[in-house]
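Engineer: Each residue of the sequence shown is one higher than the last, beginning at 4 in the numbering used here.
Backbone N, C-alpha and C define an ideal beta-carbon position, used for all residues, glycine too.
Mind having a look at this structure? Questions to follow.
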Amino acid sequence: MQVHAKLDFPAGKTEGEKMPLLVVFHGFTGHMEERHIIAVAEAAREEGFATLRVELYGHGKSDGDFLDHTILHWMTQGMRVIDYAAGLDWVSSIYLTGHSQGGLNAVLVAGIMQDKIRGLIPMSPAMVIRDGAREGKLLGFTFDPENPPERITDDSGVTLKGNYARVARILPVEECIATYHGPVCVIHGTKDLTVPYQYGVDLAEQYQAQGNDVELVTIEGADHCYDRDEELSQVCDAVRKFLQREEVS
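This is how it looks when you write it as structure tokens:
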């Protein structure tokens, strides 16, 4: 399965020079050209980072059918991407960010690849997905959690196979949080109706409880994708400050 990704360098730098890299995952139904994904990548490049925006299984121009995708597909592809990045001679360190389902995936991948990830930035992380799969109410889908149907469809007509829910309900969230000990910056809006803000608070507290260097950046009044310019500007400022601080530390 081919993964579509785009590598961009900061102004004035080329592949031959040593520099840090930020890997960026989009969210559920998303892609690498979304406004908030582009903005975060641009913010990182302003700090001298190369960026690798990745479209995961069943999304954007990557292989795979959206209908078939599960977070297990995303986890394994995320691991492949980190292995690829770690093999690039010019990469001095790897940071990982993701939005929504991509934020959940970033948490999982960072826990599995903890020795290769220097810093983690979950944005509006969809930690709600596992809870929803266990309750039978997930991202607008309603189903029997103990016996998911072969297909689940939400009110807008978006359809997934039942395997999405089967995988989601057993995700090793706590295990992956426990194995990542690097710095973390959780970014979340207080008016997020897709992933309630409390999930970002809880994630930050879980990392903090085990001794990670953790920052929770609260975007007051922001929705799930930081649609207003001032909200997205705050997100980008937080990303810049975190990357700048960690690279000089």
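(1) Using a Cβ-Cβ cutoff of less than 8 Å, which residues in the same chain neighbour Leu1 once the five nearest sequence positions on both sides are dropped?
(2) Does the distance from the C-beta atom of Leu107 to that of Ala88 stay below 7 Å?
(3) Where Pro13 and Ile132 are concerned, what is the direct C-alpha to C-alpha distance, given to the nearest angstrom?
(4) Residues in the same chain with beta-carbon distance under 7 Å from Gly114, minus the five sequence neighbours each way, listed in chain order, please.
(5) What is the rounded straight-line gap between the Cα of Lys9 and the Cα of Glu50?
(6) Count the other CB atoms, across all protein chains shown, that sit within 10 Å of the CB of Gln80; report buried if there are 16 or more and exposed otherwise.
(7) Who are Gly101's beta bridge partners in DSSP?
(8) What runs of the alpha helix (DSSP H), each 4 residues or longer, lie entirely inside the segment 149-236?
(9) Do Leu123 and Leu99 have their beta-carbon atoms positioned less than 7 Å apart in this structure?
(10) Ala14 by DSSP, collapsed to three states: which one?
(11) Assuming the contact rule is C-beta atoms closer than 8 Å, Gln104 and Gly30 should be a hit. Round their C-beta distance to whole Å, please.
(12) To the nearest whole angstrom, what separates the beta carbons of Met78 and Met116, a pair I think is in contact under 8 Å?
(13) Report back the beta-carbon spacing between Gly101 and Met126 to the nearest angstrom; my notes put them in contact at under 8 Å.
(14) When we look at the beta-carbon of Asp118 and count the other beta-carbons within 10 Å, is it buried (16 or more) or exposed?
(15) Using a 10 Å radius around the Cβ and a threshold of 16 neighbouring Cβ atoms, would you call Ala53 buried or exposed?
(16) Using only alpha-carbon positions, find the residue among Leu163, Ile155, Ile120 that is nearest to Leu24.
(17) For Glu194, which option in Pro186, Gly203, Val187, Cys188 has the closest C-alpha, if you only look at C-alpha atoms?
(18) Is the separation between the beta-carbon of Ala207 and that of Val217 shorter than 7 Å?
(19) Let me check one thing: in DSSP terms, what residues is His7 bridge-paired to?
Structural biologist: Straight from the coordinates:
(1) Because the chain in this structure spans residues 4 to 252, residue 1 falls outside the shown range and cannot be described.
(2) Not a contact, by the Cβ cut-off of 7 Å.
(3) Pro13 and Ile132: Cα-Cα distance of roughly 34 Å.
(4) Result list for Gly114: Glu178, Cys179, Ile180, Thr182, Tyr183, in chain order.
(5) Rounded to whole angstroms, the separation of the alpha carbons of Glu50 and Lys9 is 18 Å.
(6) By the beta-carbon neighbour count (other beta carbons within 10 angstroms, threshold 16), Gln80 is buried.
(7) Looking at the DSSP assignment, Gly101 forms a beta bridge with Phe28, Pro125.
(8) Qualifying alpha helix (DSSP H) stretches, in chain order: 165-171, 176-182, 200-212.
(9) The answer is yes: Cβ separation under 7 Å.
(10) In the structure shown, the three-state DSSP call for Ala14 is coil.
(11) The C-beta distance from Gln104 to Gly30 rounds to 5 Å, short enough to meet the 8 Å contact threshold.
(12) The Cβ separation is near 10 Å, so there is no contact.
(13) Rounded, the Cβ-Cβ distance is 7 Å, consistent with contact.
(14) The residue in question, Asp118, is exposed, as its Cβ has fewer than 16 Cβ neighbours within 10 Å.
(15) Counting the other CB atoms within 10 Å of its CB gives Ala53 a total of 16 or more, which places it among the buried residues.
(16) Relative to the Cα of Leu24, the nearest Cα in the group Leu163, Ile155, Ile120 belongs to Ile120.
(17) It should be noted that the sequence gives Lys, not Glu, for residue 194. Ranking the options by Cα distance to Lys194, first place goes to Gly203.
(18) Closer than 7 Å, so yes.
(19) His7 pairs with Glu58.
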